[in-house]
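Enquirer: In our numbering, the protein residues as written are 28 to 174.
All residues carry an ideal CB built from backbone N, CA and C; glycine is no exception.
In this text, all values refer to a predicted model and were calculated from it rather than measured experimentally.
Have a look at this one before I ask anything.
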Ligand code: CMP
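Below, the structure is given as structure tokens:
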């Protein structure tokens with residue numbers, strides 16, 4: 028049974044010209060890119076997207092990182108898309124990913140715990156919320172039909 032997740036190529040990934048390489052990995056891994064949109068977040072919208080981190084020490088830094096340039100959001104589809112995409116991107120800390128998951132996307136284009144190049148929804152609940160946030164409810168299912 029197919030599933031959808033939200034992927035983001037963050038500003039450092041877009042600015043570093045990693046978009047094509049990341050999309051190749053996505054397709055090679057058997058995902059369909061159902062929808063995509065390039066956007067510039069402002070701090071209000073970035074704060075809303077990362078609301079669950081609003082109390083954390085790194086919140087302001089995260090918001091300035093995520094508003095530093097355009098990012099690319101994508102709806103990815105395949106069976107177990109949420110966990111498959113998390114596996115492909117590797118651990119949050121890109122500097123550790125370079126050692127423990129050298130073939131992961133964060134190892135390829137990320138820098139450290141903050142500048143980790145890509146985002147992936149971490150649960151079905153966040154996938155629904157995040158797809159809605161960027162693309163609206165039309166993207167939650169296939170033409171209004173279950174996947
Ligand atoms: P992501 O997991 O996609 O969403 C939350 C982001 O916050 C995370 O990627 C990093 O970019 C950033 N982040 C998470 N933990 C830290 C941390 N301890 N210090 C700085 N940035 C962090």
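I'd like to know whether the C-beta atoms of residue 133 and residue 121 end up nearer to each other than 9 angstroms.
Expert: Counting from 1 along the chain shown, the entry for residue 133 is found at position 106. Counting from 1 along the chain shown, the entry for residue 121 is found at position 94. Between residue 133 and residue 121, the CB-CB gap stays under 9 angstroms.
Enquirer: Does DSSP put residue 135 in a helix, a strand or coil?
Expert: One-based indexing of the chain shown puts residue 135 at position 108. Looking at residue 135 - three-state DSSP - the assignment turns out to be helix.
Enquirer: Taking DSSP as the reference, what is the three-state secondary structure of residue 128?
Expert: Translated into the one-based positions of the chain shown, residue 128 becomes position 101. Note: residue 128 maps to coil in three-state DSSP.
Enquirer: Helix, strand or coil, according to DSSP, for residue 106 in the structure here?
Expert: As a working mapping, residue 106 is identified with position 79 in the chain shown. Of the three classes helix, strand and coil, the one that applies to residue 106 here is strand, per DSSP.
Enquirer: Pull up the distance between the alpha-carbon of residue 51 and that of residue 59, whole angstroms please.
Expert: Your numbering for residue 51 matches position 24 in the chain shown. Your numbering for residue 59 matches position 32 in the chain shown. Distance from the CA of residue 51 to the CA of residue 59, rounded to the nearest whole angstrom, comes to 11 angstroms.
Enquirer: Can you tell me which of the three DSSP states residue 94 falls into?
Expert: The residue labelled residue 94 in the question sits at position 67 within the chain shown. Three-state DSSP puts residue 94 in coil, outside helix and strand.
Enquirer: Would you kindly work out how many angstroms separate the C-alpha atoms of residue 128 and residue 156, rounded to a whole number?
Expert: The residue you call residue 128 lines up with position 101 of the chain shown. The residue you call residue 156 lines up with position 129 of the chain shown. Roughly 28 angstroms between the two C-alpha positions.
Enquirer: Between the Cα of residue 64 and the Cα atoms of 168, 160, 171 and 170, which residue gives the shortest distance?
Expert: The residue given as residue 64 occupies position 37 in the chain shown. The option with the nearest alpha carbon to residue 64 is 160.
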